[in-house]
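**Q** Read in order, the letters of the sequence shown correspond to residues 60 to 182 in the working numbering.
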Amino acid sequence: MTNFEIQSLFNGLATVRQDATMRLPARTSFTITRNIKLLQPIVEDMAESRIKVLETYGTRDEANPGMFNIPPENRQKVTEELEALDKVDNDVSLIKIKLSDLDHVELSVQVMEQLYPLIEEEG
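1) Ala-106 to Gln-66, Cα distance in whole Å?
2) Grab the span of the alpha helix (DSSP H) containing Pro-100 for me, first residue to last.
3) What three-state label does DSSP hand Thr-61 in the structure shown?
4) Run through DSSP, which three-state label would Asp-145 get?
5) Could you compute how far the alpha carbon of Glu-180 sits from the alpha carbon of Val-137?
6) By how many angstroms is the C-alpha of Gly-71 removed from the C-alpha of Leu-174?
7) What three-state label does DSSP hand Glu-140 in the structure shown?
8) Please confirm whether Leu-141 and Ser-108 have their CB atoms less than 7 Å apart.
9) Among Tyr-116, Asn-149, Ala-73, Leu-83, whose alpha-carbon lies nearest the alpha-carbon of Leu-158?
10) Using the three-state DSSP reduction, which class does Arg-82 fall into: helix, strand or coil?
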């Protein structure tokens, strides 16, 4: 999986985890939690790398914590480096959820889309 795919999946799983109205089977909840914990160190490393790129080519915006001022002459380089970071491939062994484990669970299309990379269709 690329860093971009990992970040997207992590964000989707975090959204599912935060939805207190959703009642998933214990096994499915455990699988989601394990995958979040598996992906979290990679996501944290990506964030650290992004900050290093921004600090290399810009300066922190004192008025807006977490924001950076990037001079126009450095913006293309920042874009290129961040895009390259998004394309880095990682060997990640996700824990799958069997589609049958979700048979009796009502899920919105949006939640199903977020879980899709983890779903193992049974044939």
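Yeah, the Cβ is synthetic: ideal placement off N, Cα and C, and Gly gets one too. The model shown is predicted, which means the values in this text are computed figures rather than measured ones.
**A** Quick look at the numbers:
1) Taking the sequence shown and counting its residues from 1, one reaches residue 106 at position 47. Taking the sequence shown and counting its residues from 1, one reaches residue 66 at position 7. For Ala-106 and Gln-66, the distance between alpha carbons rounds to 10 Å.
2) For the purposes of this step, residue 100 is taken as the residue at position 41 of the sequence shown. Taken as a continuous stretch (DSSP letters only), the alpha helix (DSSP H) holding Pro-100 covers 85-116.
3) The residue given as residue 61 occupies position 2 in the sequence shown. Strand.
4) Within the sequence shown, numbered from 1, the residue matching residue 145 stands at position 86. Of the three classes helix, strand and coil, the one that applies to Asp-145 here is helix, per DSSP.
5) Translated into positions along the sequence shown, residue 180 becomes position 121. Translated into positions along the sequence shown, residue 137 becomes position 78. For Glu-180 and Val-137, the distance between alpha carbons rounds to 40 Å.
6) Taking the sequence shown and counting its residues from 1, the one referred to as residue 174 is at position 115. Taking the sequence shown and counting its residues from 1, the one referred to as residue 71 is at position 12. Near 7 Å, if we compare the C-alpha coordinates of Gly-71 and Leu-174.
7) Counting from 1 along the sequence shown, the entry for residue 140 is found at position 81. Looking at Glu-140 - three-state DSSP - the assignment turns out to be helix.
8) On the sequence shown, position 82 is the one that residue 141 refers to. On the sequence shown, position 49 is the one that residue 108 refers to. No; because the gap between Cβ atoms is not below 7 Å, this pair is not in contact.
9) As a working mapping, residue 158 is identified with position 99 in the sequence shown. Among Tyr-116, Asn-149, Ala-73, Leu-83, the Cα nearest to that of Leu-158 belongs to Leu-83.
10) Here residue 82 refers to the residue found at position 23 of the sequence shown. In this structure, DSSP gives Arg-82 a state outside helix and strand, which the three-state scheme calls coil.
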